[in-house]
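Take a look at the structure below.
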Amino acid sequence: WPARLAEARTALDTLAHPGEPAARVRDLLAAAPDDRAGEALRAWADACSVLALEVHLGHDMTAPATPDPVARCRAGDPSGAGPLLSGEAARQTAILEMLAAMDEDAPATAGLRQIRDVSTEGGRILRAAAARRGRVRS
């Protein structure tokens, strides 16, 4: 766990133009709990979830149709949220459902490829949206 956090911090430090979301990710990585269990991890994971949703909201091309769309999505109601935000909320829900469905006796890596694929898809979509937004602004 500590080695993976250090790897993530190093990768973040190599970004050419990190921007505000990267600074928030850096703060979250600095606040990561030493132990990968318990309430501290749950609170940290919750903060990571909120940040991911806020980043996706920031890249949505349309303004949200409802107040506090991140909270609404986290409560299971994506109505009024843009496609990036609602898509990320759906991916987070799918990942949690996959984790919950894992058999306790299954190997530690069971199902992780599917989870990684879902997560990777979200990153790919966000990168494409950011690139499109950059072209529109140019």
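912 is the number of the first residue of the sequence shown in the working numbering; add one for each residue after it.
Ideal Cβ placement from N, Cα and C applies to all residues, glycine included.
Residue i, buried or exposed, once every other Cβ within 10 Å from all chains shown has been counted against 16
{"i": "HIS928", "result": "exposed"}
{"i": "PRO869", "result": "Lying outside 912 to 1049, the shown extent of the chain, residue 869 is not represented and no answer is given."}
{"i": "ALA1000", "result": "buried"}
{"i": "LEU995", "result": "buried"}
{"i": "GLY987", "result": "exposed"}
{"i": "ALA853", "result": "Coverage of the chain is limited to positions 912 through 1049, which leaves residue 853 absent and any answer about it impossible."}
Rounded straight-line distance, which links the Cα of residue j to that of residue i
{"i": "ALA1039", "j": "THR1031", "result": "12 Å"}
{"i": "GLY1045", "j": "GLY930", "result": "14 Å"}
{"i": "GLN1003", "j": "SER960", "result": "8 Å"}
{"i": "MET1013", "j": "ARG1048", "result": "44 Å"}
{"i": "PRO975", "j": "CYS984", "result": "11 Å"}
CB-CB length for residue i against residue j, believed under 8 Å
{"i": "GLU964", "j": "VAL981", "result": "The amino acid occupying residue 964 in the given sequence is Leu; Glu does not appear at that position. Their Cβ separation, rounded to whole angstroms, is 5 Å, which keeps LEU964 and VAL981 in contact under 8 Å."}
Residues near residue i in its chain [Cβ-Cβ closer than 8 Å; skip 5 each side]
{"i": "GLY998", "result": "HIS967, GLY1033, ILE1036"}
Neighbourhood of residue i by C-beta distance below 7 Å, restricted to the same chain and skipping five residues each side
{"i": "TRP912", "result": "ARG947"}
Close Cβ partners of residue i (< 6 Å) along its chain, the five nearest in sequence each way excluded
{"i": "ILE1053", "result": "The first residue shown for the chain is 912 and the last is 1049, placing residue 1053 beyond what the model contains."}
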